[in-house]
Every structure is written in C-alpha cells, then in structure tokens.
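Enquirer:
In our numbering, the protein residues as written are 1229 to 1378.
#1: Can you name, in chain order, every residue of its own chain whose Cβ lies under 6 Å from the Cβ of residue 1282, other than the five neighbours on each side?
#2: Check whether the region 1263-1277 and the region 1319-1334 are in contact - that is, three or more C-beta pairs closer than 8 Å.
#3: Using beta-carbon positions only, say whether residue 1369 and residue 1333 come within less than 9 Å of one another.
#4: What first and last residue would you give for the alpha helix (DSSP H) that runs through residue 1259?
#5: According to DSSP, is residue 1372 part of a helix, a strand, or is it coil?
Structure representation (structure tokens):
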C-alpha cells in the first residue's frame, strides 16, 4: 500500500510540474501571439496611412491653381476636401497603434499636414500642403516600422 501511495505522490508531483510548464507555455504563446497581432495591425495601419498619403498627394496634382478661393474654386475645394477626409479616416488607427518615437514623429507629420490643409482652406498656397503630405509618404521612420518587425 505504501508503494502505491509513493507512486501516486510522484505522479501528482510530475503532473503538477507538467501543468505548470503547460500554463507557462500557454502564457508565453499568448503573449507572442498578441505581439504578432499588434505588429500586423500596426503595419496595416501605417501602410494604409502612408499609401493614403501617396494617393492624396497624387490627387493634389490635379489641383492646378496656387491658391483656392471660394466660390470660384468650389469644385477643386470639394474634390480636395473629399480626398483629405478619406485620408483623415485612416489616422486614428495609426495613432492608436504607434508608441514612442514613432508616435511622436507621426503626430508631428500629421499636425503639419492638418495645419497646411487648414491654411489651404483659408486661401494660401497648395505647395506647402503637398510638401507636408509628401513628408509623410517619404518618412523613413514610418517605412521602417513595417519593413522591420523589431
């Protein structure tokens, strides 16, 4: 009877160790999966935003005047605004997915674009808005975010 008790005790200890290792493995796997999903979402958000910048910059090329005035340039203003606000819709996911220096950099770029858009809507030159949007598209830091997983 003592022998059976000893075997049962050893089996219980071994199963406890195995359960602990399995739990640790599950937690580690869940953390890795969560980091992987976070990385994929960040890459998707940044890629869409940078691509949106390229698209919006291309749309700016269709506006030929140096300044926009209402109501003379109503069609151009509506065209520009529609594409700008479509690009704006991508910003919240980018802002939520970035951290640290990348977030500060993206926010700085975004603020510059938004300020230039506001100036364009006030009647100033389109060149500065185009340059601000191009800065987003050409940002090496943002490109590196989805090229390098670490």
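Using N, Cα and C, we set each Cβ at its ideal position, and we do this for glycine too.
Expert: In terms of the structure at hand:
#1: 1365
#2: yes
#3: yes
#4: 1230-1288
#5: helix
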